[in-house]
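At position 323 of the sequence shown (counting the first as 1) the number is 322 in numbering that gives the first Met the number 0, and the numbers step up by one without a gap.
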Amino acid sequence: MNFTGAHILSISQFQRQDVEQIFSVADRMEPYALRKRVTRVLEGAILGNMFFEASTRTRVSFGSAFNLLGGEVRETAGFESSALVKGESLQDTARVLSGFSDVICMRHPQEGSVADFASASRVPVMNGGDGANEHPTQALLDLYTIGRELDAKGRTIDGLRIAMIGDLRHGRTVHSLSKLLSLYNNIQVMLISPKELALPESIIEQMRSAGVTVTVSDELNNSIANVDIVYSTRIQEERFSSKAEADLYRGKFRLNQAIYTKHCEPNTVIMHPLPRDSRSDANELDCDLDDNPNLAIFRQTDNGLLIRMALFALVLDVVDRVDEFSREVHWYNSRQQ
């Protein structure tokens, strides 16, 4: 794949070597993400951060990644603060805002909307999540995290055993991650959800056609017994017709330390794309797991910076110039203490 000037819209546009190139560049971003050094390689460049659906991690992660490369960020958050409420089309919005930006990140509640926007944009567009469709940068940071967690145990992604749990029908993170896993060898995927919230059959067939071993279950305890990764997701309340409908499934697949100790292998890694729903009626990942060293959810968010910095560097063609524009950090840095 030629990354220069490319839109990042779907996992389907990547081959395995593209993913490994992103991961290699992400490794090189670590000194800057850890504030050991500062680079101004994107000084003067502007990121248009357009989020028309609630977001904390993804929006701030994209913005921080761009800032860490020296660029500036302009944000639109919510429909009410955009011209879309006045009837402007996505295409017109794209034509206008791409004149103000060097790259645009966008989240939108409608499937296919980011690709529609990108078709009229004059600058690269990155998909920050389009409805229940895809979330490609989340899948990349998830797989990058999986690779790092397995590497610490002397393993690689090839041969991975992973359980995906929760709302797999609406969870765009698992849709993208499932497609990404299909690029690797000897992958075993256990899908655990209520039957009504099962992963779309088209994605299951895509995985099986790629040689992934897929098992489907609606029972948690025995299904997490022989996996390397437990990947939990929340009930996507915003995708249901009502809160009452979402409540029918909330809290069905809770994981706490007692369940982990009884049913998981000792070094099973726990992941979640966040936010985790900590309300008492949901509590999908109990806070009593917070002291478990295999809880990787905050390492995931840290890795999001590396992946998004790598994508900006690749798309804006500055990978080989990042160090050229760098200097030491002069302020207090708790990460180095």
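Note that CB positions come from ideal geometry on N, CA and C, so glycine has one too. Predicted model only: the values in this text are computed from it and were never measured.
Name the two residues that bound the continuous beta strand (DSSP E) containing residue i.
i    : result
A5   : No beta strand (DSSP E) holds A5; DSSP gives it neither H nor E.
Q109 : No beta strand (DSSP E) holds Q109; DSSP gives it neither H nor E.
V72  : 71–76
Y230 : 228–231
E327 : 325–327
A162 : 160–164
I203 : Here I203 belongs to no beta strand (DSSP E); instead the alpha helix (DSSP H) covers 200–208.
L190 : 187–191
V124 : 124–129
V318 : Looking at the DSSP string, V318 is not in any beta strand (DSSP E), and its letter there is neither H nor E.
Measure the beta-carbon distance from residue i to residue j and round it to whole angstroms, keeping in mind my assumption that it falls under 8 Å.
i    : j    : result
V188 : I145 : 12 Å between Cβ atoms; not a contact.
L305 : E19  : Not quite, the Cβ-Cβ distance comes to about 14 Å (not below 8 Å), so this is no contact.
R419 : E204 : The requested residue 419 is not part of the displayed model; the chain covers only 0 to 336.
R266 : K152 : As written in the sequence, residue 266 is Asn, which differs from the Arg given in the question. The pair is a contact, with the Cβ atoms about 6 Å apart (cut-off 8 Å).
I164 : L219 : 7 Å
V318 : V24  : 6 Å
L182 : R15  : 4 Å
In chain order, what residues of the same chain have a beta carbon less than 7 Å from the beta carbon of residue i, not counting five sequence neighbours either side?
i    : result
A119 : Q90, A93, R94
R320 : V40
R334 : L33, R34
A295 : T144, E148, V268, I269, M270
E327 : R36
A114 : L8
A5   : P123, V314
N185 : D157, G158
S325 : R36, V37, T38
Within 10 angstroms of its Cβ, does residue i collect 16 or more other Cβ (buried), or is it exposed?
i    : result
R168 : buried
S208 : exposed
Y331 : exposed
D129 : buried
F99  : exposed
D290 : exposed
T260 : exposed
D101 : buried
C286 : exposed
N132 : buried
R249 : buried
A312 : buried
A257 : exposed
G170 : buried
S11  : exposed
T3   : exposed
H329 : exposed
D166 : buried
S201 : exposed
E52  : buried
For the alpha helix (DSSP H) holding residue i, just list the boundary residues, first then last.
i    : result
I269 : Looking at the DSSP string, I269 is not in any alpha helix (DSSP H); the run it does join, the beta strand (DSSP E), is 268–270.
S40  : The amino acid occupying residue 40 in the given sequence is Val; Ser does not appear at that position. Note, V40: premise wrong, no alpha helix (DSSP H); not H, not E.
F50  : Element bounds for F50: not the alpha helix (DSSP H) but the beta strand (DSSP E), 45–50.
N302 : 296–314
G62  : 56–67
D91  : 89–96
A151 : No alpha helix (DSSP H) contains A151, which DSSP labels as neither H nor E.
I258 : 256–262
Q16  : 15–32
L179 : 171–180
For residue i, collect the residues of the same chain with a Cβ closer than 6 Å to its Cβ; drop the 5 residues on either side in sequence, then sort them by chain order.
i    : result
E362 : There is no way to answer for residue 362, as the model of the chain reaches only from 0 to 336.
S54  : R106
A44  : G70, D101
T214 : M189
F22  : Y143
P272 : Q137, T172
R121 : S97
Q109 : G130
D26  : none
M0   : D17
CB-CB under 8 Å to residue i, same chain, minus the five flanking residues each way: which ones, in chain order?
i    : result
R298 : T144, R147, E148
I7   : P123, V124, M125, N126, P135, T136, L310, V314
S224 : A small correction: the amino acid at residue 224 is Ala; Ser does not occupy that position in the sequence shown. H262, C263, E264.
N221 : H262
R73  : I45, L46, G47, N48, F99, S100
S60  : T300, G303, L304, R307
R337 : The structure shown does not extend to residue 337, since the chain is modelled only from 0 through 336, so no value can be given for it.
S216 : M189, L190, I191, S222
R56  : L273, P274, T300, G303
| said: For the structure I just gave you, are there three or more beta carbon pairs, one from the segment 131–148 and one from the segment 295–314, closer than 8 Å? | reply: yes
| query | If we count Cβ pairs, one from each stretch, closer than 8 Å, do we get three or more for the segment 60–71 versus the segment 307–315? | reply | yes
| said: Within 8 Å, do at least three Cβ pairs link the segment 270–278 to the segment 225–236? | reply: yes
| query | Using 8 Å as the threshold, is the segment 164–182 in touch with the segment 206–225, meaning 3 or more CB pairs across them? | reply | yes
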